[in-house]
Amino acid sequence: MVILIGAAFFAYVLFQFIRVRLLVREGVKLVSRSRGFERRTEGGTPRIFVIGDSTGVGTGTEPGFSIAGRLGSDFPEAFIQNESVNGWKVADALAHFPDIPAKSFDIILLQIGANDILRGTSLLKFCTALDSLFKKSAAAGKQVFALHCGNIGLAPFFPWPLSQIMRARTLRYRSEYQRIAQANGVTYVDLYHEAAGDPFQGKHEFYASDRLHLSAKGYEEWYQSVKKMMQ
């Protein structure tokens with residue numbers, strides 16, 4: 002019995018190792034062909050500034066189906082500047098935040114923080130960088146909205162028990178994100194749901210081919226939450 006259990010466990014680990022390796026390769030392909038939506042129309046209004054990670058770029062779908070792209074559809078006259086870069090953490094967005102005149106943007110949308118959860122940024126460094134990023138954003142924009150991710154542990158990319166670890170990390174960082182957003186007058190767009198009430202639960206069509214980034218349908222679901230907060 003012990004031998005059978007050990008063999009089954011080894012087979013599970015080997016299968017998941019191979020599966021994750023293949024999904025990582027697929028993710029690299031998605032990143033290589035992704036580009037963020039922008040429309041820098043002179044005199045365009047409202048003026049919208051987006052900065053973030055792959056979720057800001059819209060990796061996993063076409064530019065027009067990203068959150069920035071959907072804003073472009075709802076606001077056809079808007080000026081949209083997108084400074085998002087795949088792989089960025091909060092500290093990267095802070096370091097590359099451009100010099101923007103005070104209140105020169107009507108809306109600043111921050112899509113950042115998922116990589117800090119995924120890649121193990123210490124909570125202290127995360128909180129320090131996020132507080133500074135929020136302060137810069139609040140100075141540059143009339144309204145600031147921020148989001149990072151939903152329940153990362155639900156992404157089909159993660160096998161058990163890694164899925165549970167990612168869920169716990171999401172909750173820990175989300176709590177700090179909410180606290181710091183409130184302290185800086187930033188509107189936090191909460192995308193987190195427990196599994197039973199999460200629209201992403203068990204639905205692969207919400208995810209891109211790497212089972213981690215979002216598909217057009219996934220970004221649409223997020224965008225409805227963003228839109229609700231903006232209204």
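Residue 232 is where the sequence shown ends in my numbering, and the numbering goes up by one at each step.
Just so it is clear, CB atoms sit at the ideal spot from N, CA and C, and this is done for glycine as well.
Relative to the C-alpha of Phe-135, which residue among Gln-183, Asn-83, Phe-158 and Ser-216 is closest?
For this step, residue 135 is matched to residue 134 along the sequence shown. Considering only alpha carbons, the answer is Gln-183.
How about the region 10-27 and the region 71-91: do they share at least three Cβ pairs that are nearer than 8 Å?
Contact fails: fewer than three Cβ-Cβ distances are below 8 Å.
Less than 8 Å between C-beta atoms, sequence neighbours within five positions excluded: which residues of the same chain meet that for His-205?
For the purposes of this step, residue 205 is identified with residue 204 of the sequence shown, where counting begins at 1. Within the same chain, His-205 has close Cβ partners Pro-157 and Arg-212.
Please indicate yes or no: does the CB of Ala-96 lie closer than 7 Å to some heavy atom of the ligand SAH?
The model depicted lacks the ligand SAH and carries no ligand whatsoever.
Apart from the five residues just before and just after Ile-101, which ones in its own chain have a Cβ nearer than 6 Å to its Cβ?
Stepping through the sequence shown from its first residue, residue 101 is reached at position 100. Result list for Ile-101: Ala-141, in chain order.
Assuming the contact rule is C-beta atoms closer than 8 Å, Phe-127 and Tyr-174 should be a hit. Round their C-beta distance to whole Å, please.
Within the sequence shown, numbered from 1, the residue matching residue 127 stands at position 126. Within the sequence shown, numbered from 1, the residue matching residue 174 stands at position 173. Correct: roughly 6 Å between the Cβ atoms.
Which residue spans inside the region 85-146 form an unbroken alpha helix (DSSP H) run of at least 4?
91-96, 115-120 and 124-141
Going by C-alpha distance, which of Phe-98, Val-21 and Arg-22 is nearest Asp-54?
Taking the first residue of the sequence shown as 1, we reach residue 54 at position 53. Among Phe-98, Val-21 and Arg-22, the Cα nearest to that of Asp-54 belongs to Phe-98.
Beta carbon of Leu-155 nearer than 8 Å to that of Gln-202
Numbered from its first residue, the sequence shown carries residue 155 at position 154. Numbered from its first residue, the sequence shown carries residue 202 at position 201. Contact: yes.
Taking only the alpha-carbon atoms, compute the straight-line gap between Ser-105 and Asn-185 and give it to the nearest angstrom.
Against the sequence shown, residue 105 aligns to sequence position 104. Against the sequence shown, residue 185 aligns to sequence position 184. Taking the straight line from one Cα to the other gives about 18 Å.
If we ignore side chains and look at the alpha-carbon of each, how far apart do Ile-166 and Leu-124 end up?
Indexing the sequence shown from 1 puts residue 166 at position 165. Indexing the sequence shown from 1 puts residue 124 at position 123. Taking the straight line joining both Cα atoms gives about 15 Å.
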